[in-house]
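Sequential numbering from 155 applies to the sequence shown in this note's numbering.
Each residue gets a CB set at the ideal place from its N, CA and C atoms; glycine is no exception.
Report on the following structure.
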Amino acid sequence: MPDSQPQPSDGATADSPALLLCGARLTDGRSVDVRLGGGRIEAVGTAGSLPPHASRLDLTGFLLLPAPVEPHTHGDTALSAETPGPVSYEPDDIQRRATEAALLQLGHGATALRSHVRIGDVQGLGALEAVLQARRALHGLADLTAVAVPRLLTGAAGAEGLALLRDAMKMGAGVVGGCPDADPDPTGYAETVLEVAAEHGCPVDLHTHGDDPARLARLAAMAGGLRPGVTIGPCAGLARLPRDIAARAADQLAAAGVTVVSLPQGGCAGVEQRGHAPVRLLRAAGVTVAAGSGALRDVVANPVGRGDPLEAAYLLASQTGMRPSDAYDRVAGTARKVMGLPEVRVEAGFPAELLAVRGERISGVLSLAYSRIVIHRGRVVARTSAVREYCDSAAAVALELPRQGRSDSCP
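Below, the structure written as structure tokens:
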């Protein structure tokens, strides 16, 4: 089951008016025009080759890319670091924060998000209902999927958690999640999650530090062959294991088809679990690895998290030596695959989920991604414009220093 839920037709989908993107640059260096209609890419041609259209957008100076997505965020705790005094977890406050956080991430380019939401304890299903309300409010702007995350699932104390998990799936959670490391019986916890996922035909997405190779081996053995798939993350602890042990665990995950979402900005738990998964080792073993952002200004996990997929890609490129194009794919194509979303290419017939960033090459975009235009289901849903100016000086004139700006129509 893909993360994107079926949506009723509205002005943002099949009935979207055509839009002509003019003069966009592709990663292969071509300058093209792109016509969008009905939520899809209708045609791509050399710049100036497509018939003029009343609705058009000049993308001269912009690199046009498949839009990134966010495979790991926390809508219920997002922006909690900015709350004066004790953080409120009343449903109305969670809904407001979750909606604002999703819009911030949409502005960065993420047109689909997977949000892990805690259920149980004093909150019951209130936080989940709040995030589902945020999903409804975001309809037509971004696709948001909730991951139900129970605290306990085993023993006498886990009976209530299991009942809540099943109720959460009936309410509209799209993914079965959880934190097996926090349960007295991590293996039993994971087994229960996999059973519930099989009952509902839903994906699984588990939080784990990944520092116990035996536990990872048992998870891989249980998860092998489960469809529509099992994802784990952030697995920062896997990087702290001896290399031969970590490599063996990676081989087991690869054989079972378990995917890993790394969080290059530093995890989504306390400071003691900072760091990120050993991406190069995992990929060498054949594990599918995507990247996400994790905590977004979270009072406990990361008070300065930005929730920017391009930052996640930048960190992968700068810290692991990954090629910029490959790093971007971790937050775009690969992340879409992990979330069960259709592939996006800047070619006719593909979904019109696009991000235009001012720049000429993917390396420059990851380094200085200031101005961005986000397209979801064929229409512009977010725009960030940055203007760079220098004071008058002989050096600025002589060097023709770059300036950021924008144009609103084709010449």
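Margin query: Is the separation between the beta-carbon of leucine 373 and that of alanine 403 shorter than 7 Å?
Written below: no
Next item on the list: Could you tell me whether the Cβ of glycine 391 comes closer than 7 Å to any Cβ of chain C?
Entry: You won't find chain C in this structure, because it holds only one protein chain.
Item checked: For serine 269, the first and last residue of its enclosing beta strand (DSSP E) -> 266-273
Item checked: CB of valine 384 within 7 Å of CB of valine 412, strictly -> A contact, by the Cβ cut-off of 7 Å.
Notebook entry, point to check: Less than 7 Å separating the beta-carbons of leucine 257 and leucine 211?
Noted result: no
Checklist line | Those residues which DSSP pairs with proline 304 across a bridge | finding: Looking at the DSSP assignment, proline 304 forms a beta bridge with Ile273.
Next item on the list: Measure the Cβ-Cβ separation of histidine 207 and alanine 172 and say whether it is below 7 Å.
Entry: Going by C-beta atoms, histidine 207 is nearer than 7 Å to alanine 172.
Next item on the list: Select from Cys545, Arg531, Gly494 and Thr341 the residue whose C-alpha is nearest the C-alpha of histidine 580.
Entry: The chain is shown from 155 up to 565; residue 580 falls before or after that span and cannot be answered.
Next item on the list: Go to arginine 369, then tell me how far its beta strand (DSSP E) extends in each direction, as first and last residue.
Entry: It is not in any beta strand (DSSP E) - arginine 369 instead sits in the alpha helix (DSSP H) that spans 367-377.
Next item on the list: Please report how far the alpha carbon of proline 156 lies from the alpha carbon of cysteine 545, in whole angstroms.
Entry: The C-alpha of proline 156 lies about 50 Å from the C-alpha of cysteine 545.
Note to self: Could you compute how far the alpha carbon of leucine 306 sits from the alpha carbon of leucine 360?
What the structure shows: 13 Å
Checklist line | Burial state of arginine 451, where buried means 16 or more other Cβ atoms lie within 10 Å | finding: buried
Check: According to DSSP, is aspartate 480 helix, strand or coil?
Finding: helix
Notebook entry, point to check: Using the beta-carbon count (16 or more within 10 Å), is proline 565 buried or exposed?
Noted result: The predicted position of proline 565 is uncertain, since its pLDDT is 41 and thus under 50; a value taken from the coordinates is nonetheless stated next. Classification of proline 565: exposed, given that the 10 Å Cβ count is below 16.
Notebook entry, point to check: Over what stretch of residues does the alpha helix (DSSP H) that includes glutamate 244 continue unbroken?
Noted result: Run containing glutamate 244: none; DSSP gives neither H nor E here.
Notebook entry, point to check: Who are the near neighbours of threonine 308 in its chain, counting only those whose CB is closer than 8 Å to its CB and skipping five residues on each side?
Noted result: Here the set comprises Asp337, Pro338, Asp339, Gly342, Tyr343 and Thr346.
Next item on the list: Keeping to the same chain, check which residues put their C-beta closer than 7 Å to that of glycine 603; ignore five residues upstream and five downstream.
Entry: Because the chain here runs from 155 to 565, residue 603 falls outside it and cannot be looked at.
Next item on the list: Report the option in Ser539, Val528, Val198 and Ser209 whose CA atom is closest to the CA atom of glutamine 259.
Entry: Val528
Item checked: Straight-line gap, valine 330 to glycine 315 (C-alpha atoms, nearest Å) -> 12 Å
Notebook entry, point to check: Expressed to the nearest angstrom, what Euclidean distance is found between the alpha-carbon atoms of alanine 431 and methionine 493?
Noted result: 19 Å
Note to self: Within 10 Å of its beta-carbon, does serine 525 have 16 or more other beta-carbons around it, so buried, or fewer, so exposed?
What the structure shows: buried
Notebook entry, point to check: With distances taken from CA atoms, which of Ala536, Val535 and Ala523 is nearest arginine 542?
Noted result: Ala523
Notebook entry, point to check: Which of helix, strand or coil does DSSP assign to glutamate 224?
Noted result: strand
Notebook entry, point to check: Do valine 535 and leucine 295 have their CB atoms nearer than 7 Å?
Noted result: yes
Notebook entry, point to check: Are the segment 217-237 and the segment 247-254 in contact at 8 Å, needing three or more beta carbon pairs?
Noted result: Verdict: yes, contact present.
Notebook entry, point to check: Do three or more CB pairs link the segment 495-513 to the segment 365-380 at distances below 8 Å?
Noted result: no
Next item on the list: Starting from threonine 413, trace the beta strand (DSSP E) both ways and give me its first and last residue.
Entry: 413-416
Notebook entry, point to check: So who's on the other strand from isoleucine 386, going by DSSP bridges?
Noted result: Leu360 and Val414
Checklist line | Three-state class that DSSP yields for alanine 439 in the structure shown | finding: coil
Next item on the list: Could you tell me the boundaries of the alpha helix (DSSP H) in which glutamate 497 lies?
Entry: It is not in any alpha helix (DSSP H) - glutamate 497 carries neither H nor E in the DSSP assignment.
Notebook entry, point to check: Using CA coordinates, which residue listed in Arg499, Arg537 and Tyr482 is at the minimum distance from alanine 197?
Noted result: Closest by alpha carbon: Arg499.
Margin query: Does glycine 191 come out as helix, strand or coil in the three-state DSSP assignment?
Written below: Three-state DSSP puts glycine 191 in a strand.
Note to self: Using C-beta distances below 7 Å, list every residue in its chain close to valine 241, excluding the 5 sequence neighbours before and after it, in chain order.
What the structure shows: Ser234 and Val453
Checklist line | Contiguous beta strand (DSSP E) assignments of at least 3 residues, all confined to the segment 324-349 | finding: 329-332
Next item on the list: Return the chain-ordered list of same chain residues with a C-beta closer than 7 Å to the C-beta of leucine 282, the five sequence neighbours on each side being excluded.
Entry: So the qualifying residues of the chain are Val271, Ile273, Ala300, Ala302, Ala322, Met325 and Ala327.
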